[in-house]
Amino acid sequence: MIEVTIRLNESGVISGIRAVGHSGAAAKGQDIVCASASVLFRTLGRSLEGKEGIVIEGSADSRGEFFLEVVSYPRTLYGWLEGITSYILTGLKDLEVENPDELSVSIKV
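Those letters in the sequence shown? Residues 14 to 122, by the working numbering.
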């Protein structure tokens, strides 16, 4: 199972995300749940990394492991970050609803 924990700050935008595990729904390289989650994580990371003014730290040191923390962001990017937060929450929650035995999402405020 992929276990995802998303942390939101006091303003309700993402401050961190950690994902650990594999869904086990199919053989390595053919698992649509793992592939879907990976695309969401990579898009999140690349979007944050490419936005000037946002400072992040993160790693994906091994297969089945992803960590990202939003260290700081300017207030002027709050609305943009709100959209990114909605994107990742919607995508992961939908994936969880469709695959409850392979992916678990918890949100911490």
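Think of the CB as a built atom: it goes at the ideal place given N, C-alpha and C, for glycine as much as any other residue.
In three-state DSSP terms, what is residue i?
i     : result
Gly29 : strand
Arg76 : coil
Ser51 : helix
What residue does the alpha helix (DSSP H) around residue i start on, and which one ends it?
i      : result
Lys106 : Tyr91 to Glu111
Closest by CA to residue i, which one among the options?
i      : options                        : result
Val83  : Gln43, Asp107, Gly25 and Val46 : Gly25
Gly96  : Asp74, Leu61, Gly66 and Met14  : Leu61
Arg55  : Leu90, Ala38 and Gly77         : Gly77
Leu108 : Cys47, Gly63 and Ile69         : Cys47
Leu21  : Leu102, Arg59 and Gly66        : Leu102
Gly92  : Pro113, Ala73, Ile67 and Ser72 : Ile67
Asp114 : Lys121, Gly104 and His35       : His35
Flag residue i as yes if its beta-carbon sits less than 7 Å from any beta-carbon of chain C, otherwise no.
i      : result
Ser119 : Any reference to chain C falls outside this structure, which holds one protein chain only.
Would you kindly check if the distance between the Cβ of residue j and the Cβ of residue i is under 7 Å?
i     : j      : result
Tyr86 : Leu94  : yes
Ile19 : Leu116 : no
Ala50 : Asp44  : no
In terms of residue numbering, what span does the beta strand (DSSP E) encompassing residue i cover?
i      : result
Val17  : Ile15 to Leu21
Ile118 : It should be noted that the sequence gives Val, not Ile, for residue 118. Unbroken beta strand (DSSP E) run through Val118: Leu116 to Lys121.
If I measure Cβ to Cβ from residue i and keep anything under 6 Å in the same chain, skipping five residues before and after, which residues do I get?
i      : result
Thr98  : Val26 and Ile27
Gly1   : The displayed coordinates of the chain run from 14 to 122. Any statement about residue 1 would go beyond what the structure contains.
Ser119 : Thr18
To which residues of the same chain is residue i closer than 7 Å at the C-beta, ignoring the five residues directly before and after it?
i     : result
Ile69 : Leu61, Glu62, Leu81, Glu82, Val83 and Val84
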